[in-house]
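A.B. asks: I'd like to ask some things about the structure below.
Numbering (this note's numbering), first residue to last: 46 to 417.
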């Protein structure tokens, strides 16, 4: 089964190369907007026709090289087709971000450990940050159309990489790990040996609350500068939260190794479910990136020969893992404790959730291998 990841690689052009890249990005963006106007006015999306209508203009007005002009046409067509397929009204597409699409081995390649990138002034060779990227350059990954991105005064190559990775069969699973994700604990993992790992979320919760207060203050100001600051804070918070999710999912995969079945709750629609949470806690609960966590764990698990499954979240924190008794009164949300009203088994409520998820994974494995 093919798996595609997008690697975000920081590149390090010299000062002179950086100016060339900036000029290239600017010309590419302006050219995209020019072609966008043509498509908007004519509604033509056929590449051959658009080539005849815009190619000479792109070469003469924006000094684009031949391959770059063709790339501009394809980029704008793709954006309009996406607009149509998503059911949006026919509107003028504007290109605001400094980005440039590059086709592997045509617009960019790797030569002697450097990225060779096509620009307005021809090919330039730039160094890049190799740390953590070594496995992707072993020849087993296929590189797709990349984006050259200029953000926060830094240059990046966003490269989609594809590789065929076999799916782990249930018969080859050697252990099952239930993973309960939340706020007080980022994740609680319970494994087949009965061991529990807690990833504390207290610092994260406090940081999210800090961002919340900052947002509230800026929203009350309502000035243009406050709105710009809000956007910057939101981007910073997203990057920080992404780093947190990367760290936790990486630790889980490294801890349990290959042929592990990770079991998560299907938290689709968590926003709607948390509307009943008291207002003071709603921001931290709703905004926790559950889906991003799941995506990261899924691809990291596959890369390490493991698997992720999701199950319905009903009663995972209300059911006693020892006797099976299910009752709302078993759980005390205020103290984050669980005490079974029937057998008296007591533990942290997030740990109970992880234990029940692990049990569901065991049942899935048993059922699948028995039927086979």
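Glycine included, each C-beta is placed from N, C-alpha and C at the ideal position. Fair warning: this is a prediction, and the values are worked out from it, not measured in the lab.
Per the contact definition of three or more C-beta pairs closer than 8 Å, is the stretch 139-149 in contact with the stretch 192-199?
C.D. replies: Taking 8 Å as the limit for Cβ pairs, the verdict is that the stretch 139-149 does touch the stretch 192-199.
A.B. asks: Return the first residue and the last residue of the alpha helix (DSSP H) that residue 250 is part of.
C.D. replies: That run of the alpha helix (DSSP H) goes 247-266.
A.B. asks: For a test of the three-state rule: what should DSSP assign to residue 359, helix, strand or coil?
C.D. replies: Three-state result, residue 359: coil.
A.B. asks: Should the stretch 288-298 be regarded as contacting the stretch 231-245, the criterion being three or more beta carbon pairs within less than 8 Å?
C.D. replies: The stretch 288-298 vs the stretch 231-245: in contact.
A.B. asks: Quick check on residue 166: does DSSP put it in helix, strand or coil?
C.D. replies: If DSSP states are grouped into helix, strand and coil, residue 166 belongs with coil.
A.B. asks: In whole angstroms, give me the CA-to-CA distance for residue 59 and residue 171.
C.D. replies: Answer to the nearest angstrom: the Cα atoms are 8 Å apart.
A.B. asks: Assign residue 219 to one of two classes, buried (16 or more other C-beta atoms within 10 Å of its C-beta) or exposed (fewer than that).
C.D. replies: Its Cβ having fewer than 16 others within 10 Å, residue 219 is exposed.
A.B. asks: Nearest-angstrom Cα distance between residue 124 and residue 67?
C.D. replies: For residue 124 and residue 67, the distance between alpha carbons rounds to 22 Å.
A.B. asks: Tell me, to the nearest whole angstrom, how far the beta carbon of residue 354 is from that of residue 406; I am working on the premise that it is less than 8 Å.
C.D. replies: Confirmed, Cβ separation roughly 7 Å.
A.B. asks: Starting from the C-beta of residue 389, find all residues in its chain whose C-beta is less than 7 Å away, skip the five residues before and the five after it, and write them out in chain order.
C.D. replies: Answer for residue 389: no residue qualifies.
A.B. asks: My assumption, with CB atoms under 8 Å, is that residue 76 sits in contact with residue 117. Please give the rounded CB distance.
C.D. replies: Contact holds; Cβ gap of about 5 Å.
A.B. asks: Would you mind working out which of 364, 222, 55, 101 sits nearest residue 309, comparing C-alpha positions?
C.D. replies: Looking at the Cα atoms, 222 is the closest of the given residues.
A.B. asks: If distances are taken between C-alpha atoms only, which option among 400, 291, 236, 100 comes closest to residue 345?
C.D. replies: Answer by Cα proximity: 291.
A.B. asks: I believe residue 263 touches residue 269 by the beta-carbon criterion, under 8 Å. Please report the beta-carbon distance rounded to the nearest angstrom.
C.D. replies: Going by Cβ atoms, the distance from residue 263 to residue 269 rounds to 11 Å, so no, they are not a contact pair.
A.B. asks: Please tell me whether residue 206 and residue 50 are closer than 8 Å, where the distance is taken between their beta carbons.
C.D. replies: Going by C-beta atoms, residue 206 is nearer than 8 Å to residue 50.
A.B. asks: Does the Cβ-Cβ distance between residue 302 and residue 361 come in under 8 Å?
C.D. replies: No, the Cβ-Cβ distance between residue 302 and residue 361 is not below 8 Å.
A.B. asks: Comparing alpha-carbon positions, which option in 338, 288, 287, 304 lies nearest residue 312?
C.D. replies: Looking at the Cα atoms, 338 is the closest of the given residues.
A.B. asks: How is residue 330 classed by DSSP in three states: helix, strand or coil?
C.D. replies: Low local confidence applies: a pLDDT of 42 at residue 330 is under 50, so the model's placement there is unreliable, and no value is given.
A.B. asks: How about residue 56 and residue 182: do their beta carbons lie closer than 8 Å?
C.D. replies: In this structure, residue 182 does not lie closer than 8 Å to residue 56 by Cβ.
A.B. asks: Considering only C-alpha positions, which residue in the set 409, 122, 199, 239 is nearest to residue 79?
C.D. replies: Cα-wise, what sits closest to residue 79 is 122.
A.B. asks: State the DSSP-derived secondary structure class of residue 186, mapped to helix, strand or coil.
C.D. replies: Coil, per DSSP.
A.B. asks: Distance, Cα to Cα, residue 95 vs residue 132?
C.D. replies: Approximately 23 Å between the Cα atoms of the pair.
A.B. asks: Tell me whether residue 156 is buried or exposed, calling it buried when 16 or more other Cβ atoms sit within 10 Å of its Cβ.
C.D. replies: It counts as exposed.
A.B. asks: Check this for me: beta carbons of residue 103 and residue 225, under 8 Å apart or not?
C.D. replies: Not in contact: residue 103 and residue 225 (Cβ atoms no closer than 8 Å).
A.B. asks: For a test of the three-state rule: what should DSSP assign to residue 376, helix, strand or coil?
C.D. replies: Here residue 376 sits in strand by DSSP.
A.B. asks: With distance defined between alpha-carbon atoms, name the residue in 65, 410, 249 nearest to residue 306.
C.D. replies: Residue 410 is the option with its Cα nearest to residue 306.
A.B. asks: To the nearest whole angstrom, what separates the beta carbons of residue 48 and residue 210, a pair I think is in contact under 8 Å?
C.D. replies: That belief holds up - the Cβ atoms of residue 48 and residue 210 are roughly 5 Å apart, short of 8 Å.
A.B. asks: Any idea if residue 343 is buried or exposed, counting beta-carbon neighbours within 10 angstroms, 16 or more meaning buried?
C.D. replies: It counts as buried.
A.B. asks: Could you tell me the distance, in whole angstroms, from the CA atom of residue 70 to the CA atom of residue 380?
C.D. replies: Using only the alpha carbons, I get a separation of about 54 Å.
A.B. asks: Within its chain, find whatever has a CB closer than 7 Å to the CB of residue 72; leave out the 5 residues flanking it on each side and keep chain order.
C.D. replies: The residues are 107, 108, 109, 165.
A.B. asks: How would you write the range of the beta strand (DSSP E) that residue 196 sits in, first residue to last?
C.D. replies: Counting along the chain, the beta strand (DSSP E) containing residue 196 begins and ends at 191-196.
A.B. asks: Between residue 331 and residue 266, what straight-line distance do the alpha-carbon atoms span, to the nearest angstrom?
C.D. replies: Low confidence applies to residue 331: its pLDDT is 46, below 50, so where it sits in the model is not reliable, and the reading given next is rough at best. Residue 331 and residue 266: Cα-Cα distance of roughly 24 Å.
A.B. asks: Ignore the nearest five residues each way along the sequence and tell me which others in residue 334's own chain have a CB closer than 7 Å to its CB.
C.D. replies: Answer for residue 334: 286, 290, listed in chain order.
A.B. asks: Can you give me the C-alpha to C-alpha distance between residue 160 and residue 153, rounded to a whole angstrom?
C.D. replies: Each residue's alpha carbon lies about 7 Å from the other.
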